[in-house]
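Asks: Mind having a look at this structure? Questions to follow.
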Amino acid sequence: MVQRSARHPHFSHSLEWLVFTVLEKEYSRADAVHAAAKPRGLYNLSTVLGLVQRLKVYADVIVRVARKIDPVHWGLLFQEAGQPTRLFEKSLQSRAYATAAGFLVIVETLEGPD
56 MVQRSARHPH FSHSLEWLVF TVLEKEYSRA DAVHAAAKPR GLYNLSTVLG
106 LVQRLKVYAD VIVRVARKID PVHWGLLFQE AGQPTRLFEK SLQSRAYATA
156 AGFLVIVETL EGPD
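If you're matching positions, the sequence shown starts at 56 in this note's numbering and goes up one per residue.
Written out as C-alpha cells, the structure is:
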C-alpha cells in the first residue's frame, strides 16, 4: 500500500505531517509524564520512522520536519531518526544536495561549526 501511495504528488508531505504530528505528541507526552514510564499510543515515533525509513524520501522528510520544529525537539527526533551527520552524508552520496544543505544547519547547531 505504501509503494502505491508513493506515486501520489503529496505523499512526502503527508509523511512529513505524520512524523511531525507524532513527534509533537511524543514530546508533549514526555513533558506530561516526565518521571514515569511513558504510555504508548497506537502510533509512536519509532514505529512511524520505521515505516518512513524504508522509503527513498526518508532523509528529505526528516530534514523538513527538523527545520519546521523548535531545535529543542531535535534531540528526540534524531535519537530515533539517526545522527544528522550520517543523514547528511547519505544525502550527499545519493546526490540529494538540497536535502544535504538542509542538514548543514542542523549539524552545525548540534555539533558546532567544526
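Note that beta-carbon positions come from the ideal geometry of N, C-alpha and C, so glycine has one too.
1) Using the beta-carbon count (16 or more within 10 Å), is Thr164 buried or exposed?
2) Using the C-alpha atoms, what's the distance from Arg84 back to Gln148?
3) Taking DSSP as the reference, what is the three-state secondary structure of Leu78?
4) Counting beta carbon pairs with one atom in the segment 100 to 107 and one in the segment 138 to 147, are three or more of them shorter than 8 Å?
5) Using the three-state DSSP reduction, which class does Ile124 fall into: helix, strand or coil?
6) If you count every other CB in all the chains shown that lies within 10 Å of the CB of Ala153, and 16 or more means buried, which is it?
7) In three-state DSSP terms, what is Val160?
8) Residues in its own chain within less than 7 Å of Val120 by CB, not counting five upstream and five downstream?
9) What whole-angstrom Cβ distance do Phe158 and Val118 have, given they're in contact under 8 Å?
10) Distance, Cα to Cα, Arg150 vs Gly137?
11) Determine the closest residue to Val112 out of Ile161, Asp169, Pro168 and His65, with distance taken between C-alpha atoms.
Replies: Once the coordinates are examined:
1) Counting the other Cβ atoms within 10 Å of the Cβ of Thr164 gives fewer than 16, which makes it exposed.
2) Between the alpha carbons of Gln148 and Arg84 lies a distance of about 36 Å.
3) If DSSP states are grouped into helix, strand and coil, Leu78 belongs with the helices.
4) Flag = no, the segment 138 to 147 and the segment 100 to 107 do not touch.
5) DSSP, read as helix, strand or coil, puts Ile124 in coil.
6) Residue environment for Ala153: exposed (fewer than 16 other C-beta atoms within 10 angstroms of its C-beta).
7) If DSSP states are grouped into helix, strand and coil, Val160 belongs with the helices.
8) Excluding positions up to five away in sequence, the list reads Glu71, Val74, Phe75, Leu78 and Leu132.
9) Yes, they are in contact, since the Cβ atoms of Phe158 and Val118 sit about 5 Å apart, within 8 Å.
10) Their Cα atoms are separated by approximately 19 Å.
11) Selected option, being the one with the closest Cα: His65.
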